[in-house]
Each structure stands twice: as C-alpha cells, then as structure tokens.
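The block underneath contains the structure these notes are about, expressed in structure tokens.
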Amino acid sequence: MFEKVLIANRGEIALRIQRSCREMGIRTVAVHSTADADAMYVHLSNEAVCIGPPAAKDSYLNEHAILTAAAISNVDAIHPGYGFLSENAAFAAKVEEHGFTFIGPSPEHIRVMGDKIEARKIVAEAGIPCVPGSDGAITDVDEAKKIAKDIGYPVLIKAAAGGGGRGMKVAHTPDEFEESMHIASSEALSVFGNGEVYLEKYLGTPRHIEMQILADNYGNVVHLGERDCSLQRRHQKLLEEAPSPALNAEQREKIGLIATEAVKKIGYRNVGTMEFLFEDGTFYFIEMNTRLQVEHPVTEMICGIDLVREMIRVAAGAPLDFTQEDVNISGHAIECRINAENPETFMPCPGTVDVYHAPGGLGVRVDSGLYAGYTVPPHYDSMIAKLIVHGTSRNECLMRLKRSLREFVIDGLETTIPLHQRLMTAPEFINGDYDIHWLENFVDGQNNDKNKD
Ligand code: MV4
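First residue of the sequence shown: 2, per this note's numbering; consecutive thereafter.
Structural data, given as structure tokens:
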C-alpha cells in the first residue's frame, strides 16, 4: 500500500480524500495556492506545499508545480479529485512517467472518454445502448442533413470535446440545421479548441441517471447502483439522489448488468460513471466520467462503501475484496450542494463565515471545509458544503433533510440553503416527479412570483 499520497485538489474534496487516507494509515501532502493557506484541508494534512498564486492556472492546474511538490515530498501516488487536472489524460501520463501512481483510470481511457465521439463508439461496441445519431463526426452539411432526416427531428448537434453543455445546439427543422451546426461547431472551436461535432436525436423530457462503476486491475467490475442527477440549473447540479425515484427493480437490474459487462469489455479500471438519459423506460448512454464525482457520497451512503478508499486500493494494485452479490443497496440518500451564492440570482458571494453550525444526528453527513472565521476565496467554484442525508426510505430521507437544512447555520455570506428549503416544499420534488428541465422552471417561477409582489 502507498505510504504517502499527494492530493492535487482543494476544498471539501481535498479533505474528503485526506479522510480516507488517514483511515488507511496513509500520510497526506496537501497542495494549495496562496489564497488557500488557511483552508481546513491544509491545516489537517500531514504536510502542505504552496504551489502558486490564487489563479487556478498558476496553482491547481500547474502541472509542473504539482509534480515538483510530489517529488520533494517523496509521495507514492497522486489523487486528482474532481475538476482541475482530474480528466487530463496528458497529466495522468506525466504522473506515471515521473514514477508516481495516478489514482484513477489509465491515461488512454481518460483520453478516449474525453472524446464524446470515441466514447460513443467504444461503449456502443461493448453493448451499451446509445442515443440514435451519427456514426462519427459530421463534416459535410448536406450529408449531415441526410442523417438528421433519418434520425428524425428535433436533433441535437454536440461537440466531440463537449461538456457542461457548451457547443451544443438543437435543430428543430431542416431549415434550422445549417445555422445550428455552424453555431455548435464555432462555439466548440472557441471553447475547446476543437470544432468537431456529431449528431444525436434530441430527447425532450429525459431524466439524467448515472451508474457508479468500480473496477480493479484484474477484470473484477462491480456497479454501486445509480444516481438521479436530473435537478440541474445551467448544467450545474443542485441536488442528487440515489436510488432514482424513476426506476423499477427490473430497469435497475438491467442497466446494472449492461454497464458492468461493458466496463469489463473495455478493460476500464478504477472508478467511473456512465451517464444516461432515461426517457419512456429506455436508457441512452451520453457520456462517461473518468473521475470521482462530486455526488459520490449518495452512493457511499446507500452502499456503505468508501469509494475513495476503494480507488486508492485498486490503484495500489489490490484486487476488489467484494463481489456484486456483496453490494447491498439499502435505503435512500440525497445530497444538497450548498454554494456561496445568492439563492435567487445565483451570483457568487464569497466572504467571511462568522457563525458556523453544521447539522448532525443519525444519517446526516456534511462534507465541507468551512469553519467560523474562514474566508471563502473568490477565485474558485462557489460550492462550500455538501449536506448528505440517508434514511431507510425516501420519505424518511426527505424529513431528515428538511430538519437538517433548518439546523444548518452559515452566517456572514449568502448561501443556496434557502433555495433547497423551498425545493423541499415542491410537490413534484416530494413525489420524485421531475425531468432535467423541471428545476430551471421551478427557479424561474420562484423569481417571477417575487417580481409580482
Ligand atoms: C442531450 C439532451 C437531449 N438529447 N442529448 C447536456 C450536457 C451534456 N452532458 C448532455 N446534455 C444533454 N444531452 C440528447 N440526445 C439534453 C441534455 C441536457 C441535459 C442533460 C442532463 C442534465 C441536464 C441537462 C440540461 C439540458 C440539456
């Protein structure tokens, strides 16, 4: 097993990874920018190295600074967390070239899944159902229009390098097609430096359901059930739950089998998430994430498995010590992402926390580096805490979440806690009856109601 691990991230996820390391007897090296010198994950780490000024490109994205920190602190492995360098195949390769273990999938799997066209192709060959679409990139407008006609309108033009909804455009009719293709391709080129686009049938009212996968280096693959991540606003997830209220036992078993078999065929290792759109009882693969995700705790809460521990173990070459039959999904879990933002305008509002009180009690987990006196820096993502609640049933989970939100005190800055509290009263949410567009309308409706007064 590793003796020392460098955690190439910040905030709550750096702390989350550190917690598993400590329970495994592994020493940790935190890296931080000058803006994060007082962060809780830096205070609690065995060692800490300052890697640069506040701007992420000069610190958390600075490959040279991170590799140098790894070398001088003599670590065995690097955990990338999420965001930053976590899905950068070239960085993963460099980590290995320098003699460290990258705690994640192989650089080649990261590269393939980062190209949405290649990802579609490889998973389709492994038996995963994909959204009907073009076989590869579309280049010629007239040829692409023929494919669009065969698929049937509306169609969605997507960037091969896509992510976060950028470089994506719907064409409702053949008349719109050429302009939509042009818009998607130019946005993709300017945002990702790659204008390659492909076609998919546009699904109007799907849910977003993702499968958590865990694989070792010896072909053992398990899935840890699904997460429902349909509650998003502008491609930012607000709340995730597991299991999905939309699936029945038969659908759940089927997608689990399909996903694990495909992951075996691809030869993927470590953790990964297969993202699906789910509409009218059918699953359609859209993307695969080759990292630990923000919402991994909801899976941990229903499975009782420490995902970070498992990813460290398999990266160190240990075989999985449990099988699919040993995985017992029990109860229901929900995660609320709490951001330092105005709950109506979503404008980030960093500042200093003056009173802090986290909720507690049975089934309540808070993943956060906040403390009274801490100043949230303005340079990074505005997520400051994750409240994760588990209950034996969805209803128990909802009641526990409501009371936990009420207990949570973060004074000194605006947070999205009031938005989560309003969400708890919406009948559609209470009934689990929502698709990927529902939250956007809910938020707009709330703001419009306000403007009427
Ligand atoms: C789609 C889709 C409808 N049809 N693909 C958005 C970001 C990217 N990860 C995939 N996305 C979508 N792909 C087809 N063929 C609708 C979306 C989408 C979406 C997906 C998941 C969660 C929220 C969303 C919000 C808007 C659009």
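C-beta: ideal position from N, C-alpha, C; glycine also.
Looking at the backbone, the Cα of residue 73 and that of residue 107 are separated by about 25 Å. Beta-bridge pairing by DSSP links residue 271 to 216.
Out of 48, 42, 330, the CA that lies nearest to the CA of residue 243 is found in 330.
Cβ contact annotation for residue 221 (same chain, cutoff 8 Å, sequence separation greater than five): 320, 321, 324, in chain order. For residue 203, there is no enclosing beta strand (DSSP E), as DSSP marks it with neither H nor E. The beta carbons of residue 193 and residue 235 sit no closer together than 9 Å.
The DSSP-derived three-state label of residue 83 is coil.
Under the Cβ criterion (8 Å, minimum of three pairs), the segment 349–359 does not count as touching the segment 137–157.
Residues of the same chain with a CB within less than 6 Å of the CB of residue 375, apart from the 5 flanking positions on each side, are 354 in chain order.
Cβ-Cβ distances below 6 Å link residue 370 to 12, 13, 16, 40, 41, 42 in the same chain, with the five nearest sequence neighbours on each side left out; the list follows chain order. Around the beta carbon of residue 393, fewer than 16 other beta carbons sit within 10 angstroms, so the residue counts as exposed. Here residue 356 is actually not in contact with residue 436; their C-beta atoms are around 38 Å apart, not less than 8 Å. With respect to the 9 Å criterion, residue 94 and residue 115 are not classified as neighbours on the basis of their beta carbons.
Per DSSP, the beta-bridge partners of residue 234 are 237. Annotation for residue 125: 131 place their beta carbon closer than 6 Å to its own, counting only its chain and skipping 5 residues before and after. Residue 239 places its beta carbon less than 9 Å from that of residue 424. Cβ atoms of residue 104 and residue 78 come within 8 Å of each other, at about 5 Å.
Just measuring C-alpha positions, the residue of 146, 183, 173, 144 sitting nearest residue 160 is 183.
Boundaries of the alpha helix (DSSP H) around residue 110: 108–115. Exclusion of residue 130 from the 8 Å shell around the ligand MV4 follows from its C-beta lying no nearer than that to any non-hydrogen atom of the ligand. Put simply, of 282, 291, 7, 380 the residue whose alpha carbon is nearest the alpha carbon of residue 101 is 7. Ranking 381, 223, 385 by CA distance to the CA of residue 368 puts 385 first. In the structure shown, residue 340 falls within a strand segment according to DSSP collapsed to helix, strand and coil.
Where residue 51 is concerned, the enclosing beta strand (DSSP E) starts and stops at 48–53. Contact check for residue 30 against residue 71 passes: the beta carbons are separated by less than 9 Å. The ligand MV4 has a heavy atom closer than 8 Å to the beta-carbon of residue 165.
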